[in-house]
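**Q** Counting with the numbering used here, you get residues 173 to 596 for the letters of the sequence shown.
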Amino acid sequence: MNILVVGGGGREHALCWALAASPLADALFCAPGNGGIAEVATCIDIDVMDFDGLLGFCRSEEIDFVVVGPEAPLVAGLVDALEAAGIKAFGPTAAAAVLEGSKAFTKDLCARAGIPTAAYERFSDAGAAKAHITAAGAPIVVKADGLAAGKGAIVCETVADGHAAVDEILGGRFGAAGAEIVVEAFLEGEEASFFALCDGRNALPLATAQDHKRAGDGDTGPNTGGMGAYSPAPVMTADLGETVMRRIIRPTLEAMAADGRPYTGVLYAGLMITADGPQLIEYNVRFGDPECQALLPRLMSDLLPALIAARDGVLDRFDLRWYPETALTVVMAARGYPGAYETGGEIGNLGAAGELPDITIFHAGTRADGGRIHASGGRVLGVTALGRDVAEARTRAYEAVDVIDWPGGFCRRDIGWRAIERDG
Ligand code: AMP
Ligand code: GLY
173 MNILVVGGGG REHALCWALA ASPLADALFC APGNGGIAEV ATCIDIDVMD FDGLLGFCRS
233 EEIDFVVVGP EAPLVAGLVD ALEAAGIKAF GPTAAAAVLE GSKAFTKDLC ARAGIPTAAY
293 ERFSDAGAAK AHITAAGAPI VVKADGLAAG KGAIVCETVA DGHAAVDEIL GGRFGAAGAE
353 IVVEAFLEGE EASFFALCDG RNALPLATAQ DHKRAGDGDT GPNTGGMGAY SPAPVMTADL
413 GETVMRRIIR PTLEAMAADG RPYTGVLYAG LMITADGPQL IEYNVRFGDP ECQALLPRLM
473 SDLLPALIAA RDGVLDRFDL RWYPETALTV VMAARGYPGA YETGGEIGNL GAAGELPDIT
533 IFHAGTRADG GRIHASGGRV LGVTALGRDV AEARTRAYEA VDVIDWPGGF CRRDIGWRAI
593 ERDG
């Protein structure tokens, strides 16, 4: 089969790395890809939002199957466009991707289907939102309805902060994505990510993971796209996983199908494990990044037939096998990220680091220049290690990080701390 992966981050490198290993894959392309993806796939310079360019490429290269990585083209309808042209594609349609594209839609769906989630109200009027926050008190969470690159949720410690967040979002900080807001109750607990493969009717649990969203050690500093992850997440016991499938994932699939928007693709549930059990914080309609870089190295089965089975609606006859090891990914980012940062610096010793036992290095913002690799983005590398437990995976990952020669980069030194504290 000829396969095209759409995207160019660490998640797409992990997807290409797994798909390249499939005996079913004849040719593997990635648009636009990056310096590391170029080692396992042919990178083509087409933007993820250039639907005409992608469609033209699929026709000329006789692409049989497209895997869409990021949310923006999914929400904008890339899968609809491909399928309308007769090209099989993995991922939700625009009508189903609204689970990530509109927090208000998702909250209303949860309310209808009885899915546990924080109590909420929707507003487009600042005065009404502020009056609600004054009455409800703090802490409270204010969110932009639409896509805001992971920055649209503001956890407010005081009522005054809540009022400021309302002004900021309704005032246009996130453009049209912030024309409506959701104000919701603050949930207390430990966060975990839960991934399920969905075919419109059936859901197959994939694995759990925990992300590290803040830029600094000890979960300090600004929010980022994610500075590291490990899988599985010890907080998500098998019992809790069952509860999540029964109370959150399956009712969501049923409600989406009943609404005429059957959900196909990866459903990524951001959860808060509270004293009352798991509650849904938000849905994403794709693999997490960097969670995907910790998840896929644990997958023993061939990824490609699983994605095709999801697209074809036959997941009920499917099963996946996983290695029992823990995987841990440390993200290396350009100094300054998530604020302003420099690009262009050369990264050395990647070969030596990648040859250490049980290490896989996934590239995000890199560019290959002859035999050299240069940084070209904010999050630049994801160094994944396998180990018997989080502690061993973490030791191995940092050994590899310390071999990499990149003066312009930094990473958190405490990825995995929650799981290690839990064990200790
Ligand atoms: P979201 O964009 O909805 O995933 O929110 C981003 C982050 O804000 C989450 O990962 C949580 O850390 C935090 N958050 C969002 N909603 C809540 C909530 N209702 N209670 C507590 N923390 C929340
Ligand atoms: N790592 C968080 C996300 O992919 O949304």
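We put the beta carbon where it would ideally sit given N, CA and C, even for glycine. Quick caveat, the model's predicted, so the values are computed rather than measured.
So, for residue 262: in the same chain, excluding its five sequence neighbours on each side, which residues have a beta-carbon less than 6 Å away from its beta-carbon?
**A** 239, 479, 483
**Q** Helix, strand or coil: which one does DSSP assign to residue 223?
**A** helix
**Q** Is it true that the stretch 413–432 meets the stretch 320–332, where meeting means three or more beta-carbon pairs spaced less than 8 Å apart?
**A** no
**Q** May I ask whether a heavy atom of the ligand AMP can be found less than 7 Å away from the beta carbon of residue 407?
**A** no
**Q** When DSSP labels each residue in this structure, what does residue 196 get in the three-state scheme?
**A** Note: residue 196 maps to coil in three-state DSSP.
**Q** Counting by C-beta, which residues lie closer than 5 Å to a heavy atom of the ligand GLY, in chain order?
**A** 383, 398, 460, 461
**Q** Which word fits residue 221, buried or exposed, when buried means at least 16 other C-beta atoms lie within 10 angstroms of its C-beta?
**A** exposed
**Q** How many angstroms separate the CA atom of residue 481 from the CA atom of residue 487?
**A** Rounded to whole angstroms, residue 481 to residue 487 spans 5 Å at the Cα level.
**Q** Which same chain residues end up closer than 6 Å to residue 439 when comparing Cβ atoms and leaving out the 5 residues on each side of it in sequence?
**A** 368, 370
**Q** Quick check: what's the CA-CA separation for residue 286 versus residue 573?
**A** Distance between the alpha carbons of residue 286 and residue 573 is about 45 Å.
**Q** Any heavy atom of the ligand AMP inside 7 Å of the beta-carbon of residue 279?
**A** no
**Q** Can you pull the DSSP bridge partners for residue 538?
**A** Beta bridge pairing from DSSP links residue 538 with 547.
**Q** Taking its Cβ as the centre, do 16 or more other Cβ atoms sit within 10 Å of residue 430, making it buried, or is it exposed?
**A** Burial call: exposed.
**Q** Could you check where the alpha helix (DSSP H) with residue 271 kicks off and where it finishes?
**A** 266–273
**Q** For residue 385 and residue 529, I'd like the C-alpha separation in whole angstroms.
**A** 27 Å
**Q** Could you tell me which of 218, 219, 179, 233 sits nearest to residue 199, measuring between CA atoms?
**A** 233
**Q** Cutting at 8 Å between CB atoms, please list the residues of its own chain near residue 590, excluding the five before and the five after it.
**A** 362, 382, 407
**Q** Less than 7 Å separating the Cβ of residue 324 from some heavy atom of the ligand AMP?
**A** yes
**Q** Closer than 6 Å by C-beta to residue 177: which residues in its own chain qualify, once you throw out the five before and the five after it? Chain order, please.
**A** 184, 187, 188, 202, 239
**Q** Cβ atoms of residue 193 and residue 213: under 8 Å apart, would you say?
**A** no
**Q** Mind checking who residue 396 pairs with in its DSSP beta bridge?
**A** Paired residue(s): none; residue 396 is not in a bridge.
**Q** Can you give me the Cβ contacts of residue 364 inside the same chain, cut-off strictly under 7 Å, excluding the 5 residues immediately before and after it?
**A** Excluding residues up to 5 positions away in sequence, 380, 382, 405, 407, 408, 443, 445 lie with their Cβ nearer than 7 Å to the Cβ of residue 364 in the same chain.
**Q** Return the chain-ordered list of same chain residues with a C-beta closer than 6 Å to the C-beta of residue 531, the five sequence neighbours on each side being excluded.
**A** 557, 572
**Q** Is the closest heavy atom of the ligand AMP to the C-beta of residue 313 under 7 Å?
**A** yes
**Q** Measuring from the CB of residue 259, is there a heavy atom of the ligand AMP at a distance below 7 Å?
**A** no
**Q** Is the stretch 486–504 touching the stretch 561–572, taking contact as three or more C-beta pairs under 8 Å?
**A** yes
**Q** Looking at the secondary structure, which residues open and close the beta strand (DSSP E) in which residue 319 lies?
**A** Note, residue 319: premise wrong, no beta strand (DSSP E); not H, not E.
**Q** If you follow the alpha helix (DSSP H) that residue 440 is in, where does it begin and where does it stop?
**A** Premise fails: residue 440 lies in the beta strand (DSSP E), 436–446, not in any alpha helix (DSSP H).
**Q** State the start and end residues of the unbroken alpha helix (DSSP H) segment that holds residue 385.
**A** Segment: none, residue 385 is in no alpha helix (DSSP H) and carries neither H nor E.
**Q** Looking at the unbroken alpha helix (DSSP H) that takes in residue 583, where does it start and where does it end?
**A** It is not in any alpha helix (DSSP H) - residue 583 carries neither H nor E in the DSSP assignment.
**Q** Looking at the ligand AMP, does it come within less than 7 Å of residue 428, judged from the CB to the closest heavy atom?
**A** Using a cutoff of 7 Å, the CB of residue 428 does not count as near the ligand AMP, since none of the ligand's heavy atoms is closer than that.
**Q** In angstroms, rounded to a whole number, what distance separates the CA positions of residue 196 and residue 219?
**A** About 26 Å.
**Q** What number of angstroms, rounded off, separates the C-alpha of residue 428 from the C-alpha of residue 375?
**A** Distance between the alpha carbons of residue 428 and residue 375 is about 13 Å.
**Q** Identify which residue in 268, 260, 236 has its Cα closest to the Cα of residue 243.
**A** 268
**Q** Specify the secondary structure class of residue 514 as computed by DSSP and reduced to three states.
**A** coil
**Q** Could you give the residue range of the alpha helix (DSSP H) that holds residue 363?
**A** Membership of residue 363 in any alpha helix (DSSP H) is not indicated; the residue belongs instead to the beta strand (DSSP E) covering 362–371.
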